[in-house]
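Here's the structure we're looking at; comments come further down.
There are 2 protein chains.
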Amino acid sequence: MISRHVFGQPIETGAVIMTIPESTQAIAVMNTALGEDGITLSCQMADTDVVYGLGEQVRGMNKRGFSYISYATDDPIHTENKHSLYAGHNFLILSRTNEPSFGIFVDDPGRVVFDVGETKLDQLCITAGSDCTIYIIKGSSLKDIARQFRELIGQSYIAPKWAFGYQQSRWGYSCEADIRKVVDEYHTRGIPLDAVYLDIDYMKDFKDFTVDEEKFPDFSGLVSDMKEKGVHLVPIIDAGVKIEKGYPVYEEGVQNGYFCKDEDGQDFVGAVWPGKSHFPDFLNSRAGEWFGNKYQWLMDQGIDGFWNDMNEPALFYSEKRLKSVMDEILSMKDENLGLHSFYHMKGRIDSLSGNPEDYESFCHNIDGVKVRHDKVHNLYGFYMTKAAADAFERIAPDQRTLMFSRSSYIGMHRYGGIWTGDNASWWSHLLLSIQQMPSLNLCGILYTGSDIGGFGSNATQDLLMRWLEFGIFTPLMRNHAAAGTREQEVYQFDNIEDFRNIIRIRYGLLPYIYSEYMKAVFNNDMYFRPLSFDFPDDAHAASVEDQLMVGESIMIAPVYTQNATGRYVYLPQDMLMVRMKSMENKSCQIMSKGHHYIDIALNELVFFVKKNHMLPLAAIDDSVRSTTDCHFHRPDSDYEWIGFADESAEYMLYDDDGSTKSYTPKDQWIKIVRSAKELSL
Amino acid sequence: MISRHVFGQPIETGAVIMTIPESTQAIAVMNTALGEDGITLSCQMADTDVVYGLGEQVRGMNKRGFSYISYATDDPIHTENKHSLYAGHNFLILSRTNEPSFGIFVDDPGRVVFDVGETKLDQLCITAGSDCTIYIIKGSSLKDIARQFRELIGQSYIAPKWAFGYQQSRWGYSCEADIRKVVDEYHTRGIPLDAVYLDIDYMKDFKDFTVDEEKFPDFSGLVSDMKEKGVHLVPIIDAGVKIEKGYPVYEEGVQNGYFCKDEDGQDFVGAVWPGKSHFPDFLNSRAGEWFGNKYQWLMDQGIDGFWNDMNEPALFYSEKRLKSVMDEILSMKDENLGLHSFYHMKGRIDSLSGNPEDYESFCHNIDGVKVRHDKVHNLYGFYMTKAAADAFERIAPDQRTLMFSRSSYIGMHRYGGIWTGDNASWWSHLLLSIQQMPSLNLCGILYTGSDIGGFGSNATQDLLMRWLEFGIFTPLMRNHAAAGTREQEVYQFDNIEDFRNIIRIRYGLLPYIYSEYMKAVFNNDMYFRPLSFDFPDDAHAASVEDQLMVGESIMIAPVYTQNATGRYVYLPQDMLMVRMKSMENKSCQIMSKGHHYIDIALNELVFFVKKNHMLPLAAIDDSVRSTTDCHFHRPDSDYEWIGFADESAEYMLYDDDGSTKSYTPKDQWIKIVRSAKELSL
């Protein structure tokens, strides 16, 4: 049951698709107070209560013990003291043992603070703006609350099937030869690959909707060559538009008033990759339509996937602030700088980027209504992505176009996925990635994954291998790294056959991953779940922070610490342990409910299958270079079925052509039943 | 067996106290190559080999999988990608299963790189300067190799007994009233306290050996008042000396040529807390003696403990570099700064602090020989601390004076301890602290601990509690936090009785902690050990990264993750589990060898006692306000003995007056024997 509580005069965010009548009653589950800073909602938490949600944030699946601030921020150092990452995902579930659990969605696209027991261990305190809509969701279980929320916010985006293949990226592939080399290196070694990404290097001077013709003399030829090899090229699109006379996107934007305006009504100037830039006013529907249509130029050259970046929006600096900081620093030039003055100077430089005051200094024109940016800050990436998705509907209405974004807000999941931003080659970020997945799913974002191997810092062979062993299960499975870091394509390391074997297992699991993704979409379910969602009566399950349910049959327990040769695993019921070094080298063992220490070699994938469940495994041979070569036939006789059951297990298998929307109806399901003795174990 | 291999003409570092004849043979255990960059030592590692050591560094006890650079650095962000912290601890043990293990100490106080399987998973590669001494240590066991190394480098520093009590610190106690308040708050609540620290706030304009008389009008009165309450005040001493006409330390240093000189023979100018400063040339024995004698001014006012800070030496900037960076920024003032130019500018600002080129730009006068700083960089903190310790010998020869340092090098452990620098209130830093302890012990540093609760960022109640539950076992048990962070004295939180109970357990354990510390000192043993040191034949023990042996009887398994209500523990043998919520609320249970999941409530200390071992527990009542009130009598009848044994257990108990050196002889030992039935369990 969902109740809707309106405070002040909230802006229509587009987060919600259902019409819920406004409640005439007060919020019963939390105390509400209206102060000068806005609305404060608070309640006590019992020791055993768990808080799930908040989407893309730092720390564990249980969010207790810290304060999280929804205010999209471009900060690449995802340490545990950071209050904001790239998104505003204002939904959480308070899972209670003594009282009914409930979900709360704070529909406020400005700054919202969730103090989940940081100030006081036992207090949850949410502070939002005075104009916001609060949805309280009660249900029969955590799964039920999650499903109701998903129904409220609408069906999740469906990516094309090729986007479920393995993908390679690097900021630093700077010319056609670099791209061809990556594909060749993979194919020579028999490692499947479905996409290579074009980071900012492909553009001319970092201008959106341009290609550097010196480095890519025949762009459309390259795109089609690669597609023949089964490899899609996925270019990045940045939010900021370079200020450059004669550059059409700039000229048109200025001419039509499509950019955000500063307090004086001038086009706001902030700097990003190309230097001084303007920022399309995606909240203005005409500006959004205009910008969205620009993607067509790349689609006409064969591009069928994009990633939207820098759309918090990131700001290196605003023109005005840079000037004032520069002046101040220069005035300090001859000072004897000690503790206070030196750190003041450094602080001034650090304050240039993403400064909250800059976000207060420009405005949107929401179809005639002027709104200060900070009030709707978290919508910017959402509406950039919606603008693209709406354009795809016009340009290629039946094509499933890959789209994911860095910044997002609740509701954007209908238009695309996200990646979890600029993480680092840290073991702690592998764990963070594991923990973020169910939180994101809870907020509707199903097409997601982290930069495998880590974006910043230098990856090691073992980190990349362990990360891939988890990444095998994330719908977006992309290896990505920053310029200046160690090269991190799998062929840069030793034991390449281990990498090949693990990546091939991804392709073998695709019938399962694809089916489960579609179930999560159509049933408003979570693809990744904390254990407690499936085992609500198991008190220990609620404390497990490093295992996940993946789809209906699988539980994973990834290794995420360096030099580990195994780990502890908690089985909330008897399960089948599947151990795979390759598609060919596989063994299964029934394990009893309880705590286990499991040896897991570096080149080994281990996962667990729930009792009376099963999963399909497709045969993957040397001919498979991409999802194009995966002939996932029905009838299902080609699949090996893994599982264990008292008598029999059944499975709803999904398939479609993978690329069109018309071929994504609900009747692409087939029910498979296997008797216990027909199952591999 | 120790062999000594000399390359080039090494500088005498003072790390080693034994005379080992130079080996005429090549190093057998590693391949040696002399290149332009210096000496490279390399060898293969088998999958099961473990690398221990390197003292104060990031990452786990097993150092495999990363590169570590010994080059003392003032960097407060201790994330896993940092190659250097504050020290140069060039000793490691390669623990091998198929071949003999060995230890290697690279006696080179310049930059030394340890690539422990980062570049290639299976290769250990050490690169040192071309003038260095290499010691190879072979032995019958890991413990034996560790002991031989400790014999080589000499007996560890012994702190006064009060320094084993609980201590409180904060950058921000800025006046007498602040200090008095801290002590009152603790005493009012019946929480014992042995010391309060004076961070840089106590000085006049951050000048060493001054006290701000406005804020501390009667400093010696305050010191003696506090001492009557059992509380010692411990002031900080910084390496840099403010350039200020008329300030005696500055004037004398200049006059006598005691400061480091730049290339032109001028006193080198770098900035730290007080702004532009000179840096005492501690490697010049006369300068060291002069600076050391300065401590007397504070000792004459009753001070009997110090911490030496900023002695990497930290450099905010050098005068020359600041000018050139400022000029460059000025020249960019009107540029359109984009990706490359903006990050270049930020990079230039970031490069101001601790710039390697600045360390190459000044020199020492090592008793007549001019040596460029970077060649001896890692000795600076060592010799600052030695200068102080040598002075204490002259000023108060029989007094045990507390001394610990931020920067250090092998050998400094003879003169003082260290704290692990500017960590943060991060759960990952609690784990890091656990993992650093045995690595530091291996390098001789016994008096050590981390800033409990974390220095940077905001602590939470649960983090502080869990950190204290580990900190109970570290010889240095100090709660310390940075200015601007949440106040983190235990009385700032709820459930203060839990904090009181846990801190009192520290005092109850003091007979054990003190005895074990002394055993480690006199026997050249490690107080903290990885499990594999005690259980060398247990293959699983070698993989345990989050449990430690503490002294001869105890194994600890601290909780270091948020919201955890327990953890997995591996018992390498049957052990007695001791569960304490307070000195009064205690229970014991015999646990069998193997893997266990153990519930551990937030307010609960759990530790384990080895079979046929025992430990003393002193009674702690409300009268105990500090170690002064702990009457650790012998005969031992006052103690409760905890342990379990087949027939009986014995224990060597140590005690002394805690404050003098003359009363620290080896005959302060008493052997206690208890039959199985006399033991608490």
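As given, the protein sequences belong to chains A and B, one line each in that order. Note that the first sequence ends on residue 688 in this note's numbering; no numbers are left out. Note that the second sequence ends on residue 688 in this note's numbering; no numbers are left out. Ideal placement from N, C-alpha and C gives every residue a C-beta, glycine not left out.
*Per DSSP, which residues does N486/A bridge with? Please list them.*
Paired residues: Q175/A, I459/A.
_By DSSP's criteria, N318/A is part of a beta bridge. Which residues make up the other side?_
According to DSSP, N318/A bridges with nothing at all.
*In chain order, what residues of the region 65-91 of chain A put their CB closer than 8 Å to some CB of chain B?*
R66, G67, N69, R71, G72, F73, I84, T86, E87, N88
*Compute the distance between the beta-carbons of D458/B and H487/B, then report whether it is under 8 Å.*
yes
*Within the chosen definition, does the region 399-412 of chain B reach the region 428-441 of chain B through at least 3 CB pairs nearer than 8 Å?*
no
*What separation, rounded to the nearest whole angstrom, lies between the Cα atoms of N362/B and G428/B?*
19 Å
*H602/B: contacting residues in chain A (beta-carbon distance under 9 Å)*: Y575, H602, H603, Y604
*What's the call for E476/A, buried or exposed, on a 16-neighbour Cβ count within 10 Å?*
buried
*Between the region 313-347 of chain A and chain B, which residues of the former have CB atoms less than 8 Å from a CB of the latter, in chain order?*
Listed by position, the residues of the region 313-347 of chain A near chain B (Cβ gap below 8 Å) are F323, Y324, L329, M333, I336, L337, K340, N343, L344, G345, L346.
*Determine the chain A residues that contact K214/B at a beta-carbon separation under 9 Å, and present them in chain order.*
Those do not exist, as K214/B stays about 11 Å from chain A at its closest Cβ, beyond 9 Å.
*asked:* Our contact map puts P543/B next to S148/B with C-beta atoms below 8 Å; I'd like the distance itself, whole angstroms only.
replied: 6 Å
*asked:* Which residues of the region 205-238 of chain B have a Cβ closer than 9 Å to any Cβ of chain A? Give them in chain order.
replied: I207, D212, F213
_Below 8 Å, how does it come out for the region 442-461 of chain A and the region 127-137 of chain A: are there three or more Cβ pairs, yes or no?_
no
*Integer-rounded CB distance, given that H285/A should sit under 8 Å from G309/A*: Incorrect: roughly 29 Å between the Cβ atoms, too far for contact.
*Say whether chain B places a C-beta atom closer than 8 Å to the C-beta of E552/A.*
yes
*From N318/A to I563/A, what distance separates their C-alpha atoms?*
Cα to Cα, the separation comes out at about 33 Å.
_Proximity of Q124/B and M52/B at Cβ, strictly below 8 Å_ = Before going further, note that residue 124/B is Gly rather than Gln in the sequence given. In this structure, M52/B lies closer than 8 Å to G124/B by Cβ.
*Quick check: the region 458-472 of chain B against the region 200-211 of chain B, are there 3 or more CB pairs under 8 Å?*
In short, these stretches do not touch, since the Cβ pair count stays below three.
_Here's the rule I'm using: 16 or more other beta-carbon atoms within 10 Å means buried, otherwise exposed. How should H239/A be labelled?_
buried
*Give the residues of chain A in contact with K353/B, contact being defined as C-beta atoms less than 7 Å apart.*
I356
*Does the region 101-120 of chain B come close enough to the region 39-57 of chain B that 3 or more CB-CB pairs lie under 8 Å?*
yes
*Span of the alpha helix (DSSP H) holding G67/B?*
That residue, G67/B, is in no alpha helix (DSSP H); it is neither H nor E in DSSP.
*Which same chain residues, not among the five before or five after D316/B, have their C-beta less than 6 Å away from its C-beta?*
I243, D245, R413
_Contacting residues, own chain, Cβ-Cβ under 7 Å from T217/B (five flanking each side not counted)_ = The residues are M210, K211.
*Check whether the Cβ of Q569/B lies closer than 8 Å to any Cβ atom in chain A.*
So yes, Q569/B belongs to the interface.
*Buried or exposed (CB count within 10 angstroms, at least 16 for buried), S415/B*: buried
*Any idea which residues DSSP pairs Q303/A with across the strands?*
BP columns for Q303/A are empty, so no partner.
*Pull up the DSSP beta-bridge partners for A3/B, would you.*
Nothing about residue 3/B can be read from this structure; chain B reaches only from 8 to 688.
_Straight-line Cα distance separating I512/B from A184/B_ = Spanning the two alpha carbons is a distance of roughly 29 Å.
_Interfacial residues, the region 421-438 of chain A to chain B, with Cβ spacing under 8 Å_ = For the region 421-438 of chain A, the beta-carbon criterion of a distance under 8 Å to any beta-carbon of chain B is satisfied by A431, S432, W433, W434, S435.
*Does the beta carbon of P281/B come closer than 8 Å to any beta carbon on chain D?*
The chain labelled as chain D is not found among the protein chains of the depicted structure, namely A and B.
*What's the call for Q273/B, buried or exposed, on a 16-neighbour Cβ count within 10 Å?*
Exposed, since its Cβ has fewer than 16 Cβ neighbours within 10 Å.
*asked:* My output table needs one value for M533/B: the three-state DSSP class, helix, strand or coil.
replied: coil
_Which residue wins for smallest C-alpha separation from G354/A, given the options I336/A, Y193/A, M68/A?_
Per the Cα distances, I336/A.
*Flag K127/B as yes if its beta-carbon sits less than 8 Å from any beta-carbon of chain A, otherwise no.*
yes
_Any chain A beta carbon closer than 8 Å to S464/B_ = yes
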